[in-house]
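Asker: Take 0 as the starting number for the sequence shown in numbering that gives the first Met the number 0 and just add one per residue.
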Amino acid sequence: MHSYIHIIKTIKSVALTHLDHYLKKKLCIYKQLRSSGLSKQYYYRLEMEKTVKVCVTGAAGYLASFLVKHLLERGYTVHATLRSLGDASKVGLLKGLAHADTRLKLFEADIYNPAKFAPAIEGCEFVVHMATPLQHYDNNPDQFKNTSEAAVAGVKIIMESCMKSNTVKKLIYTASIVATSPLKDDGSGYKDFVDETCWTPLNLSYEIISEYIHSKTLAEKEVLKSYNGKGIEVVSLACGLVGGDTLQSFMSGSTTVLTSQALNDGSRYKVLRVLEELLSKVPIVHIQDVTEAHIFSMENSAINGRFLCASAFLKSAEMASLIQKLHPDIIILPEYIEDTKRETSWGSRKLEDLGFQYKCDAEKIMDDSILCAKRLGNIV
Numbered sequence: 000m001h002s003y004i005h006i007i008k009t010i011k012s013v014a015l016t017h018l019d020h021y022l023k024k025k026l027c028i029y030k031q032l033r034s035s036g037l038s039k040q041y042y043y044r045l046e047m048e049k050t051v052k053v054c055v056t057g058a059a060g061y062l063a064s065f066l067v068k069h070l071l072e073r074g075y076t077v078h079a080t081l082r083s084l085g086d087a088s089k090v091g092l093l094k095g096l097a098h099a100d101t102r103l104k105l106f107e108a109d110i111y112n113p114a115k116f117a118p119a120i121e122g123c124e125f126v127v128h129m130a131t132p133l134q135h136y137d138n139n140p141d142q143f144k145n146t147s148e149a150a151v152a153g154v155k156i157i158m159e160s161c162m163k164s165n166t167v168k169k170l171i172y173t174a175s176i177v178a179t180s181p182l183k184d185d186g187s188g189y190k191d192f193v194d195e196t197c198w199t200p201l202n203l204s205y206e207i208i209s210e211y212i213h214s215k216t217l218a219e220k221e222v223l224k225s226y227n228g229k230g231i232e233v234v235s236l237a238c239g240l241v242g243g244d245t246l247q248s249f250m251s252g253s254t255t256v257l258t259s260q261a262l263n264d265g266s267r268y269k270v271l272r273v274l275e276e277l278l279s280k281v282p283i284v285h286i287q288d289v290t291e292a293h294i295f296s297m298e299n300s301a302i303n304g305r306f307l308c309a310s311a312f313l314k315s316a317e318m319a320s321l322i323q324k325l326h327p328d329i330i331i332l333p334e335y336i337e338d339t340k341r342e343t344s345w346g347s348r349k350l351e352d353l354g355f356q357y358k359c360d361a362e363k364i365m366d367d368s369i370l371c372a373k374r375l376g377n378i379v
């Protein structure tokens, strides 16, 4: 009898200890929720079920692969689309991520055949549309005349697939800062600030990246126009030039532009200067922050509409100064330092006003980008 009572007491003690740990964990979660602004019900559902599905298009890209990594780490199930499942390097990158064996499913889909996105979207609560055509494929000239037509058609089809799914609650579109130029419509000068009201005038011509500018601007307008309040929330995140480290085995296009002065890369520096002429200065953002901004937009029901996403707004000459300050071993040639003397201000705080916090400033962005270039051998 004494032994039986002892066993009961032991079981009770263990149970109370587990209950105490459980309650402390939930109290900690509650405190985190209060400070972060996330939905309590949504967080608990994630913790308990771990079954929320997110579709990420163009999933092996620089930013997209980073997002997929973080989504998997947080317990989401990810439906990732690739242009070709026969691309061993891209498939290997995604399958090599932690938890990919249990929570990652790959789908083949192409912007030039947007109907193929439907199976990937089916069953998902969130869709993050990152895929964008950077090169026009004219295998079927009767289908699309250029990348702008392909991008807009892709947005329409993906929105239709979201509506038909009966599961998608929110579409997040990864837009580009190139669609937010403060240029006046006649090209005579700049507005005093850049914010969500700015749209790049498409009646003007732009050097080098004109087709990309038109494509991203028209696609973003289509995304925002498609939202008609019928149950699916839409967020457009117009992201600045993204820098930092990479999961890929090579530097991304955005990071090579960001570090072009240190790389002594004339063609990439020319793109940097085109961006500066388009936007008055260059908005930049760390890959960690822009990834968090996408997840924040998913999990926060208060976020709808258009948001700019950048933590610093610099002249290219200021970027060169930062590089030289952080890495005095790097010599930047005089032809890569041109001060425009412009004083246009960054006027967007919409994300921050809803509780989002950038963790990385301009120095961190530039430093991590240079370190990435050194790690990959682009700077020796």
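Just so you know, even glycine gets a beta-carbon here, dropped at the ideal spot from N, CA and C.
Pick from Ala-149, Gly-376 and Glu-275: whose alpha carbon is nearest that of Ile-336?
Answerer: Position 337 of the sequence shown, counted from the first residue, corresponds to residue 336. If we check each option's Cα against that of Ile-336, Glu-275 comes out closest.
Asker: Just the Cα atoms here: how many angstroms apart are Arg-102 and Val-77?
Answerer: The sequence position of residue 102 within the sequence shown is 103, counting from 1. The sequence position of residue 77 within the sequence shown is 78, counting from 1. Approximately 6 Å, taken between the alpha carbons.
Asker: Kindly list the residues whose CB is nearer than 7 Å to the CB of Leu-66, restricted to its own chain and excluding five residues on each side of it in sequence; keep chain order.
Answerer: By one-based count along the sequence shown, residue 66 stands at place 67. Same-chain partners within the cutoff: Val-55, Val-127, Thr-290 and His-293.
Asker: To test your reading of the DSSP string, which unbroken alpha helix (DSSP H) runs of 4 or more residues are found completely within the region 136-182?
Answerer: Correct list: 146-164.
Asker: Measuring CB atoms only, is the region 262-271 touching the region 298-313, in the sense that at least three cross pairs come out at less than 8 Å?
Answerer: The region 262-271, when compared against the region 298-313, does not touch it at the 8 Å Cβ threshold.
Asker: Can you tell me which of the three DSSP states Ile-286 falls into?
Answerer: Here residue 286 refers to the residue found at position 287 of the sequence shown. The answer is helix: DSSP assigns Ile-286 an H, G or I state.
Asker: Would you call the region 336-355 in contact with the region 193-201, where contact means no fewer than 3 C-beta pairs closer than 8 Å?
Answerer: Short answer: they touch.
Asker: Using the beta-carbon count (16 or more within 10 Å), is Lys-358 buried or exposed?
Answerer: Within the sequence shown, residue 358 is the residue found at index 359, counting from 1. So Lys-358 ends up on the exposed side.
Asker: Would Ser-368 be called buried (16 or more neighbouring beta carbons within 10 Å of its own) or exposed?
Answerer: By one-based count along the sequence shown, residue 368 stands at place 369. With 16 or more other Cβ atoms within 10 Å, it is buried.
Asker: What residues are listed by DSSP as bridge partners for Glu-232?
Answerer: Numbered from its first residue, the sequence shown carries residue 232 at position 233. Bridge partners of Glu-232: Lys-169.
Asker: Does DSSP classify Lys-94 as helix, strand or coil?
Answerer: The residue given as residue 94 occupies position 95 in the sequence shown. Of the three classes helix, strand and coil, the one that applies to Lys-94 here is helix, per DSSP.
Asker: Quick check on the burial criterion: 16 or more other C-beta atoms within 10 angstroms. Buried or exposed for Phe-249?
Answerer: Here the question's residue 249 lines up with position 250 in the sequence shown. Burial call: exposed.
Asker: Can you round the beta-carbon distance between Glu-124 and Thr-173 to whole angstroms, since I take them to be within the 8 Å contact cut?
Answerer: Here the question's residue 124 lines up with position 125 in the sequence shown. Here the question's residue 173 lines up with position 174 in the sequence shown. About 18 Å separates the two Cβ atoms, so there is no contact after all.
Asker: Helix, strand or coil, according to DSSP, for Ser-347 in the structure here?
Answerer: Residue mapping note: residue 347 aligns to position 348 of the sequence shown, counting from 1. In the structure shown, Ser-347 sits in coil (DSSP, three-state: anything other than H, G, I, E or B).
Asker: Spatial neighbours of Glu-148 within its chain, please: CB distance less than 6 Å, with the 5 preceding and 5 following residues excluded, ordered by chain position.
Answerer: Looking up residue 148 in the sequence shown gives position 149. Result list for Glu-148: empty, nothing under 6 Å.
Asker: Going by DSSP, name the residue or residues bridged to Leu-307.
Answerer: Residue numbering aside, residue 307 sits at position 308 when the sequence shown is read from its first letter. BP columns for Leu-307 point to Ala-237.
Asker: When DSSP labels each residue in this structure, what does Val-335 get in the three-state scheme?
Answerer: Here residue 335 is taken as the residue at index 336 of the sequence shown, counted from 1. For clarity, residue 335 is Tyr in the given sequence; the question names Val instead. In this structure, Tyr-335 counts as helix in the three-state DSSP scheme.
Asker: So is Gln-356 buried or exposed if we call it buried at 16+ other beta carbons inside 10 Å?
Answerer: Walking along the sequence shown from the start, residue 356 turns up at place 357. Per the 10 Å Cβ criterion, exposed.
Asker: For the region 51-114, list the beta strand (DSSP E) runs that are entirely contained and at least 3 residues long, ordered along the chain.
Answerer: Fully enclosed beta strand (DSSP E) runs of 3 or longer: 52-55, 76-81 and 103-107.
Asker: Output the boundary residues of the beta strand (DSSP E) element that contains His-128.
Answerer: Within the sequence shown, the letter at position 129 stands for residue 128. It spans 125-128 - the beta strand (DSSP E) in which His-128 sits, taken as one unbroken run.
Asker: Can you check which of these residues, Pro-327, Ala-152 and Leu-277, is closest to Tyr-205 by C-alpha distance?
Answerer: The residue labelled residue 205 in the question sits at position 206 within the sequence shown. Looking at the Cα atoms, Leu-277 is the closest of the given residues.
Asker: Can you give me the C-alpha to C-alpha distance between Pro-181 and Tyr-61, rounded to a whole angstrom?
Answerer: Position 182 of the sequence shown, counted from the start, is the residue given in the question as residue 181. Position 62 of the sequence shown, counted from the start, is the residue given in the question as residue 61. In a straight line, the C-alpha of Pro-181 is about 27 Å away from that of Tyr-61.
Asker: Determine, using beta carbons only, whether Asp-244 and Cys-371 come nearer to each other than 7 Å.
Answerer: Stepping through the sequence shown from its first residue, residue 244 is reached at position 245. Stepping through the sequence shown from its first residue, residue 371 is reached at position 372. Yes, the Cβ-Cβ distance between Asp-244 and Cys-371 is below 7 Å.
Asker: CB of Leu-92 to nearest heavy atom of the ligand ZN: below 6 Å?
Answerer: This structure lacks the ligand ZN; in fact it carries no ligand of any kind.
Asker: Checking 7 Å against the spacing of the C-beta atoms, do Ile-156 and Pro-118 come in under that value?
Answerer: Counting from 1 along the sequence shown, the entry for residue 156 is found at position 157. Counting from 1 along the sequence shown, the entry for residue 118 is found at position 119. Cβ atoms of Ile-156 and Pro-118: not closer than 7 Å.
Asker: Can you check whether the CB of Thr-179 is closer than 7 Å to the CB of Cys-197?
Answerer: By one-based count along the sequence shown, residue 197 stands at place 198. By one-based count along the sequence shown, residue 179 stands at place 180. Yes, the pair counts as a contact, with Cβ atoms nearer than the cut-off.
Asker: Please list the terminal residues of the continuous alpha helix (DSSP H) segment that includes Ala-261.
Answerer: Position 262 of the sequence shown, counted from the first residue, corresponds to residue 261. Ala-261 -> alpha helix (DSSP H) spans 259-262.
Asker: So Leu-313 and Ala-361 are in contact, right, with Cβ under 8 Å, and what is the actual spacing, rounded?
Answerer: Sequence index remark: in the sequence shown, residue 313 carries index 314 (1-based). Sequence index remark: in the sequence shown, residue 361 carries index 362 (1-based). About 6 Å separates the two Cβ atoms, so the contact holds.
Asker: Mind checking Ile-364: buried by the 16 CB within 10 Å criterion, or exposed?
Answerer: For the purposes of this step, residue 364 is identified with residue 365 of the sequence shown, where counting begins at 1. So Ile-364 counts as buried.
Asker: Would you decide whether Gln-31 is buried or exposed? Buried here means 16 or more other CB atoms lie within 10 Å of its CB.
Answerer: Numbered from its first residue, the sequence shown carries residue 31 at position 32. Here Gln-31 scores only 49 on pLDDT, less than 50, and its place in the model should not be relied on; the value that follows carries that caveat. Under this definition Gln-31 is an exposed residue.
Asker: Cβ atoms of Lys-68 and Leu-92: under 7 Å apart, would you say?
Answerer: Taking the sequence shown and counting its residues from 1, the one referred to as residue 92 is at position 93. Taking the sequence shown and counting its residues from 1, the one referred to as residue 68 is at position 69. Cβ distance not < 7 Å, so Leu-92 and Lys-68 don't count as in contact.
Asker: Taking a contact to mean a Cβ-Cβ separation below 7 Å, would you say Leu-223 touches Ser-214 in this structure?
Answerer: The residue labelled residue 223 in the question sits at position 224 within the sequence shown. The residue labelled residue 214 in the question sits at position 215 within the sequence shown. Not closer than 7 Å, so no.
Asker: Give the DSSP-derived three-state secondary structure of Leu-201 in the structure shown.
Answerer: The residue given as residue 201 occupies position 202 in the sequence shown. The answer is coil: DSSP assigns Leu-201 none of H, G, I, E or B.
Asker: Using a threshold of 7 Å, state whether the C-beta atoms of Ala-58 and Ala-79 are closer than that.
Answerer: Taking the first residue of the sequence shown as position 1, residue 58 is located at position 59. Taking the first residue of the sequence shown as position 1, residue 79 is located at position 80. Contact: yes.
Asker: Which whole-angstrom value describes the C-beta separation of Gln-247 and Ser-64, a residue pair presumed to lie in contact below a C-beta threshold of 8 Å?
Answerer: Here the question's residue 247 lines up with position 248 in the sequence shown. Here the question's residue 64 lines up with position 65 in the sequence shown. Right, the Cβ-Cβ distance comes to about 7 Å (below 8 Å), so this counts as a contact.
Asker: Just the Cα atoms here: how many angstroms apart are Gly-376 and Ala-218?
Answerer: Within the sequence shown, numbered from 1, the residue matching residue 376 stands at position 377. Within the sequence shown, numbered from 1, the residue matching residue 218 stands at position 219. One C-alpha to the other measures close to 35 Å.
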